[in-house]
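First up is the structure itself, then whatever we jot down about it.
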């Protein structure tokens, strides 16, 4: 298929959050389409912190590292423009696993593509509330966290996409909700605009001390997006028989080495805690079950998510950096 396509690759492993020097944009004038594949014209690229682990030399991540020089991948929203698969027709709008590029060659078996209905919501929401972040927030709170009315619920990275929705879902479920973020402005925002009962700026305050004051009866459920020192502070303040739902590892995504285990590991035993990880591909098949619930809450004004749109494929490194600098509120996407 003759077409002018720009795409992002790694020219070297990123050091810290320096993606400008590590990534480069390349060009091709033809895409070969094997039988069973199809091509989408991308509209939006989802920026997700977990993909940072593909940019290290670790072999024990969500998937093997992406080799230097190969196209970078992630969740994309687009429209089918050429297809050699009977189930995906030209003109259909899809969410799929594709390349950070103008056009994506999609293998339907790598991560099943999903046709999206834009008659009642904007396309971009299918990588927000009605995408993997929304499902992750829902399952982490409801299924892994098993929250119940009256619980005290704490979430880290509380102004990020998944954390912000997790806090709101816990609030809908009748919990007292405390969010941990990195700025005073974010602390104010999650309480004023998103219904959190309290907040902690971990960069300015003693997290363990603040949690003791805000959660005097202990934390029943902790939704962990970061690991590291914040997890240790939370462990000191967990209630007996509490639950830690492990969603993400922001503290460790950029490292080629494993993060040291919690210093307060013994408290898992002493407080009889349940410590459980969960991973979004495990519940992709539940989209038709979960999205109607999220849509109802959205229509009722109980669940909302800001989306920060960076215009232009060439500005992708700037958008991606926001996830690790803590400068974003809610979802980050690139509009191609």
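In the working numbering, the protein residues as written are 240 to 575. Where a beta carbon is used, it is the ideal one built from N, C-alpha and C, also for glycine.
DSSP state of residue i mapped onto helix, strand, coil
| i | result |
| --- | --- |
| residue 456 | coil |
| residue 461 | strand |
| residue 488 | coil |
| residue 294 | helix |
| residue 577 | An answer regarding residue 577 cannot be provided, because it is not within the stretch 240 to 575 covered by the chain. |
| residue 240 | coil |
| residue 435 | coil |
| residue 475 | coil |
| residue 278 | strand |
| residue 254 | strand |
| residue 425 | helix |
| residue 410 | helix |
| residue 269 | strand |
| residue 498 | coil |
| residue 299 | coil |
| residue 380 | helix |
| residue 305 | coil |
| residue 469 | helix |
| residue 565 | coil |
Bridge partners - residue i, DSSP secondary structure assignment
| i | result |
| --- | --- |
| residue 284 | 315, 573 |
| residue 440 | 420 |
| residue 248 | 263, 310 |
| residue 483 | 461, 514 |
| residue 503 | Answer is none; residue 503 lacks a bridge partner. |
| residue 448 | Paired residue(s): none; residue 448 is not in a bridge. |
| residue 415 | 391 |
Other residues of its chain near residue i: CB distance less than 8 Å, five sequence neighbours each side excluded
| i | result |
| --- | --- |
| residue 343 | 278, 279, 281, 315, 317, 335, 337 |
| residue 229 | This structure cannot speak to residue 229, because the chain is shown only from 240 to 575. |
| residue 443 | 423 |
Same chain, Cβ closer than 7 Å to residue i, five either side skipped, listed in chain order
| i | result |
| --- | --- |
| residue 486 | 375, 379, 401, 462, 463, 464, 517 |
| residue 346 | 276 |
| residue 272 | 240, 278, 321, 323, 344 |
| residue 476 | 447, 450, 451, 454, 457, 458 |
| residue 386 | 380, 392, 409, 412, 414, 460 |
| residue 309 | 248 |
Same chain, Cβ closer than 6 Å to residue i, five either side skipped, listed in chain order
| i | result |
| --- | --- |
| residue 350 | 336 |
| residue 556 | 258, 259, 262 |
Checklist entry - Counting Cβ pairs closer than 8 Å, one from the region 449 to 464 and one from the region 405 to 420, do we hit at least three? => result yes
Checklist entry - Whole beta strand (DSSP E) runs in the region 510 to 562 with 3 or more residues, listed along the chain? => result 513 to 516, 546 to 550
Checklist entry - Which ranges does the beta strand (DSSP E) cover as unbroken runs of at least 3 residues, wholly within the region 316 to 378, from first to last along the chain? => result 332 to 338, 342 to 345
Checklist entry - Three or more C-beta pairs closer than 8 Å, one from the region 542 to 552 and one from the region 511 to 530: is that the case here? => result no
Next on the checklist: If contact is defined by three or more beta carbon pairs under 8 Å, each pair taking one atom from either stretch, is the region 357 to 365 in contact with the region 381 to 390?
Outcome noted: no
Next on the checklist: Can you confirm whether the region 320 to 333 touches the region 259 to 266 when touching is taken to mean that 3 or more C-beta pairs between the two stretches lie within less than 8 Å?
Outcome noted: no
Next on the checklist: For the structure I just gave you, are there three or more beta carbon pairs, one from the region 467 to 475 and one from the region 406 to 413, closer than 8 Å?
Outcome noted: no
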